[in-house]
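Enquirer: When we follow numbering that gives the first Met the number 0, the leftmost residue of the sequence shown carries the number 0, and every step to the right adds one. Every residue gets a Cβ at the ideal spot worked out from N, C-alpha and C, and that includes glycine. Remember, predicted model here, so these are calculated numbers, not experimental data. Encoded as structure tokens, here's the structure I'll be asking about.
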Amino acid sequence: MYERYSSSLRSSIILDTICKHVFLRGQAMGKRGPKADQEFGDQKVVLSTRIAQETRDALQRAANASGRPISREVEHRLRRSFEDDEKIVQTLGGPQMYAMLRTVAASMTFAASGSDDWLNDPDAYDRAFWATIKVLDALRPPGPIAPGSDWADRRKRYGIGFASVILEEVAKAPPILASPEEKLHPPQRLYRRIASDLGEMHGRIAKVKP
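This is the structure we're talking about:
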């Protein structure tokens, strides 16, 4: 039954690397920037700053990978940085939950090592999946589980049902980061961020059977 439910949602929330520096100086100051896209609207304010060469190189690599112009990549990462890490932790259920999900993410990555692109490699992805199950089982609280086949079936249905609700909300969320001015409930903002970070994997969720 586990194969139906992707564990990629968790790792996409946790492994966020926030860029703290800004670079918006073009090679030719007199030239206009690229046409504004739907994610951020018009970029009319110029902001320039000195940054280390390795930061500039990292931004360029990220822009190349995402397909965004470098100015869009900078703004994308700046917007993400405005989200309070503490609020993310609280949304996830607190420090212990955050630590557990980091353990899951590290185990997934380690289990899938050897693959150049494990998120798109079925064999490596399956290894990461079972690594997740192992971590969750290892952290299971002590004590007996309520006996009886009826309770076992109910727990299974509840777990699958709740996961299906989250998957449905993420599938419906547009894969575009919400602006700080948008009035959204915290869960909606989180679903938008997950959808944005999932990239091409966002389309897979709609294929998951309830």
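For V173 and P146, what's the separation of their Cα atoms in angstroms?
Expert: A small correction: the amino acid at residue 173 is Pro; Val does not occupy that position in the sequence shown. Cα to Cα, the separation comes out at about 42 Å.
Enquirer: Under the three-state reduction of DSSP, which class applies to I144: helix, strand or coil?
Expert: Coil, per DSSP.
Enquirer: Grab me the residues of S195's own chain with a C-beta within less than 7 Å of its C-beta, minus the 5 sequence neighbours each way, in chain order.
Expert: Same-chain partners within the cutoff: P174, I175, L176.
Enquirer: If you draw a straight line from the alpha carbon of R49 to that of S178, how long is it in whole angstroms?
Expert: Rounded to whole angstroms, R49 to S178 spans 26 Å at the Cα level.
Enquirer: Taking the C-alpha atoms as reference points, what is the distance between Q59 and D152?
Expert: Each residue's Cα considered, the two are about 51 Å apart.
Enquirer: Between A211 and V134, what straight-line distance do the alpha-carbon atoms span, to the nearest angstrom?
Expert: Residue coverage of the chain in this structure runs from 0 to 209, which leaves residue 211 outside it and unanswerable.
Enquirer: Between the Cα of G113 and those of L100, R101, A104, A127, spot the shortest distance and give me the residue it belongs to.
Expert: Checked all of L100, R101, A104, A127; the closest Cα to G113 is A127.
Enquirer: Given D75, which residues of its chain have a CB within under 6 Å of its CB, disregarding the five upstream and five downstream residues?
Expert: Looking at the sequence shown, residue 75 is not Asp but His. Taken in chain order, the list of residues that qualify is empty.
Enquirer: Would you identify the three-state DSSP class for S178, choosing helix, strand or coil?
Expert: Here S178 sits in coil by DSSP.
Enquirer: If you draw a straight line from the C-alpha of A170 to the C-alpha of I69, how long is it?
Expert: Spanning the two alpha carbons is a distance of roughly 28 Å.
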